[in-house]
Every structure is written in structure tokens, then in C-alpha cells.
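Heads up, the thing below is written out as C-alpha cells.
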Amino acid sequence: MNVKNIKAFGTETPEASLEQLNIDRREVTLKDIEIDILYCGVCHSDLHFARNDWGFSVYPVVPGHEIVGKVIKIGEGITKFKAGDLVAVGCLVDSCRTCNNCKNDLEQYCPEYVGTYGGQDKYLNMQTFGGYSESIVVDEHFVLKIPENLDLAGVAPILCAGITTWSPLQHWNVGKDSKVAVVGLGGLGHMAIKLADALGADVTLFSRSPNKIQDALDLGADRVVISTDEDQMANVQSHFDLIIDTVPYAHDINPYVGTLNTNGTLVLVGYLGPLDPMLHSVPMILGRKAVAGSLIGGIAETQELLDFCGKHNIISDIEIIKMQDINEAYERMLKSDIKYRFVIDMKSLKE
Ligand code: NAP
Ligand code: ZN
Ligand code: ZN
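Mapping of the sequence shown onto the numbering used here: position 3 corresponds to residue 315, and the numbering continues sequentially without gaps.
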């Protein structure tokens, strides 16, 4: 298969800083689209993966799955896109297309799903490389259209932070009568607040950080509960229909289960791994409460979200950085020193 060698930014080991390296992209096949990458959002998953926090990274790692760009080449079988179109790619670049999940637009739960980075590229028989790169070649099924009215850089985080919080809001039927809470005001958290608010829900933020209260209210939250304050936590017992927990590291979720109403669900989207401390079943059994998980969203659902954001003029609150600033950005993300998503201007890699 013909390949094209391009510039990217990544790491060869969990300990090393990210630096410039070269990777191969396949030439477009019949159903492929080649995209010149304009912007790429910086997700906390990029940092987890670069540093092998989950134990399954394959090196070199080139992160980035909040991709916005311009079509530069299309395969002969492409009818939906043309050169010059502005398009987006999220966390998925392939799946089997035949299993029940794929048939039901749940490609993210396909056993053969291919992540935008660290997945198994069946064309080049190696790991996939993400959006911290000049360009990407993606099957058209996984390429999304961007509403024309939205700022391109602000769209990028919708592709992961947006869809990861939108999918549970949709699955648990959040609407104007719903009481929703979000745990953690970061990239995912700020999109969760905006989207739940746009759906008409009553929205509460649980945060460790009193300095984020005004921002949360400005983003659309109706109130903020400081999670370390026992009195504030006591005031919201048995209250919420849905809680979306975005915290990236192990933390005690039992206090949040207490704040669910009967039949309420706490959905974990942040931390991957065993719960510590363990989950106590008594409040769950006494209130028919559930603890669930959720992974990004399917392709059709992501397009619905982009269209919803176009209609409601929703984009992410971002700070634009250069590719060369990525290591500093990771350190700042670990300190929660970001309002509320870094987006890389990919011109900086091409200079
Ligand atoms: P982020 O921007 O770093 O935000 C995380 C927020 O969680 C922080 O702003 C902070 O909010 C809170 N937090 C951070 N460390 C904490 C700790 N040790 N204890 C308690 N709270 C803490 O991260 P993100 O990009 O939103 O990603 C969040 C997590 O979601 C990551 O683990 C990422 O890998 C995961 N993720 C999952 C999916 C999925 O499909 N399920 C998709 C994308 C990302 P406060 O200061 O307000 O407390
Ligand atoms: Zn992500
Ligand atoms: Zn499948």
C-alpha cells in the first residue's frame, strides 16, 4: 500500500515529553478522505494515553481525537464530501460495520472498533496515529460535517468532550424536567453543563474548586455544590435524576450516589479502573439507584450533536495553543489550570 510520510507530535515512551516525529498515512482508498488538520483539541485521555496510565498504550503514541480540518483529497467512491469541505473526526476511525452495535449506530461498542489513536490500523497493520499531525486519512463513514455558523477551533472539543457527555444525556432522556449534576469542571464537565442546560434541564455542578463557581454559573449551571463541604452535600441528598462523573482519577463516588433520587443513575465517563473505595450497595438497593458507564458516542449521534450545537450556537470555551506548547499544556491540565479546553492550532506544526 502506498504511504505518505508526514509530520506529527508524539512520544516514544511514557516518561518522555512529546516531540516532533514522522509517521506514515495511507494514500486514500476508494472510500477514504484525506484531511488537512486545522485544529485538534487536547483531551485528558491524550495525556493518559501518552503516559500509559491505562497500561495498554502502544508506542510511539501520537494523540489527538478532536480533529477539525479541510478535505484535500477524496477516494473514487466518495459522493458525500468534496475537496475544500470543512469536516471533523472524533475518537473513532473504523469498526466492523456488521455487528449488532455497528448496525445500531453504536460503533463505539463494536468489539473491533478502531480508536483514532492507539487502535489497530488494518491497512498499515500497526497502531493508528491521532490528530497531533499534519493530516489524516479516514473512511468517509467516520467523517462528520461541521455546521457553517460555528467557530472551527471551538468545534473541535465537541468531537470528544461534547459527545461523551451528550450520549448519556440522550440515553437517559434528559429534558426540561430533569435534574442533572456534573462532577468536575474540566473539558468534559463544561460541555456537559452547556448541553444539559440547552436541553432545558436543571443543572448542578459538583466541584472541588470554589474558584470555578462563577464560571459554572456563566456556562449555564443553576448552582454549584462544593463536594468537600458536608453541609452543601447534605442539602442535595436524594435529588438528581442523572449525574455525569467526569473525574479522571480514582475517587469516592459513594457520596454522589446519596444525592441520586429514586431511580437515578450516576454515569461514570472519566475514571477507568477499579473503584476505590468500593461502591456501597445499600443506598443503591434502598433507592433503586444505578451506577453506569458510557463511552463517547456513535457516528450518527455525533453528527446529531454537531447539528444541535449549530442550531443552539454551542462551542467549547477554549485556549488556543501551538503544537510546541503541548507538554506545558499537559502539566497545566493536571493542575486543572485551563478554561476549559486547549485546542492546538495545527499551523504551528507545519511552520
Ligand atoms: P479535565 O479537563 O482535566 O477535567 C477533569 C476535571 O475533574 C477537573 O477540571 C477537576 O474539576 C476534576 N478533577 C481532576 N482531578 C481530580 C481529582 N483527583 N479528584 C477530583 N476531581 C478531579 O479532563 P477531561 O478532558 O474533561 O477528561 C475527564 C476524564 O474523562 C479523563 O479521565 C478522560 O480520559 C475521560 N474521558 C472519557 C471518555 C469516555 O468516552 N468515557 C471520553 C473522553 C474523556 P474540579 O476542579 O471542578 O473538581
Ligand atoms: Zn477524548
Ligand atoms: Zn461492529
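Even for Gly, the Cβ is constructed at its ideal location relative to N, Cα and C.
message = The beta strand (DSSP E) that contains residue 346, what's its start and end?
response = 344-353
Three-state secondary structure (DSSP) of residue 394 = Coil, per DSSP.
message = Measuring only from the beta carbon, is residue 350 closer than 6 Å to any heavy atom that is part of ligand 1?
response = no
query = alpha helix (DSSP H) containing residue 599: first to last residue?
reply = 593-599
query = Among 467, 453, 593, which residue has its Cα nearest to the Cα of residue 630?
reply = 467
ask   = Taking the beta strand (DSSP E) that residue 321 falls in, what are its first and last residues?
value = 315-322
Residue of 638, 394, 550, 508 minimising C-alpha distance to residue 347 = 394
ask   = Looking at the structure shown, is residue 335 part of a helix, part of a strand, or coil, going by DSSP?
value = Of the three classes helix, strand and coil, the one that applies to residue 335 here is strand, per DSSP.
task = On a CA-only basis, which of 617, 521, 398 is nearest residue 384? Give me that one, please.
result = 398
request  = Would you kindly work out how many angstroms separate the C-alpha atoms of residue 705 and residue 490, rounded to a whole number?
outcome  = Residue 705 falls outside the range modelled here, since the chain spans only 313 to 663, and no answer is possible.
task = Name the one or two DSSP bridge partners that residue 614 has.
result = Paired residue(s): none; residue 614 is not in a bridge.
key: According to DSSP, residues forming a beta bridge with residue 659   = Residue 659 is bridged by DSSP to nothing; it lacks a bridge partner.
inquiry  = Going by DSSP in three states, residue 566 sits in which element: helix, strand or coil?
reply    = Here residue 566 carries a helix assignment [DSSP, helix/strand/coil].
task = Please say whether residue 609 and residue 475 have beta carbons closer to each other than 7 Å?
result = Against a cut-off of 7 Å, the Cβ pair of residue 609 and residue 475 comes out as a contact.
Beta-bridge pairing of residue 492 - partner residues as DSSP gives them = 515, 554
query = Between which two residues does the alpha helix (DSSP H) containing residue 644 stretch?
reply = 638-646
inquiry  = For residue 666, report the span of its alpha helix (DSSP H) as first-last.
reply    = The question about residue 666 has no answer, for the chain in this structure spans 313 to 663.
ask   = Which word fits residue 526, buried or exposed, when buried means at least 16 other C-beta atoms lie within 10 angstroms of its C-beta?
value = exposed
Test item: CB-CB of residue 555 and residue 568 under 7 Å = yes
ask   = Which of the three DSSP states, helix, strand or coil, is assigned to residue 362?
value = helix
ask   = What did DSSP end up calling residue 629 once you bin it into helix, strand or coil?
value = coil
Beta-bridge partners of residue 544, as assigned by DSSP = In the DSSP output, where bridge partners are listed per residue, residue 544 has none listed.
key: residue 605 - containing beta strand (DSSP E), residue span   = Counting along the chain, the beta strand (DSSP E) containing residue 605 begins and ends at 602-605.
key: Distance cut 5 Å, beta-carbon to ligand 2 heavy atom: residue list by chain order   = 355, 357, 472
inquiry  = At the level of alpha carbons, what is the spacing between residue 333 and residue 316?
reply    = So the alpha carbons of these two residues sit roughly 14 Å apart.
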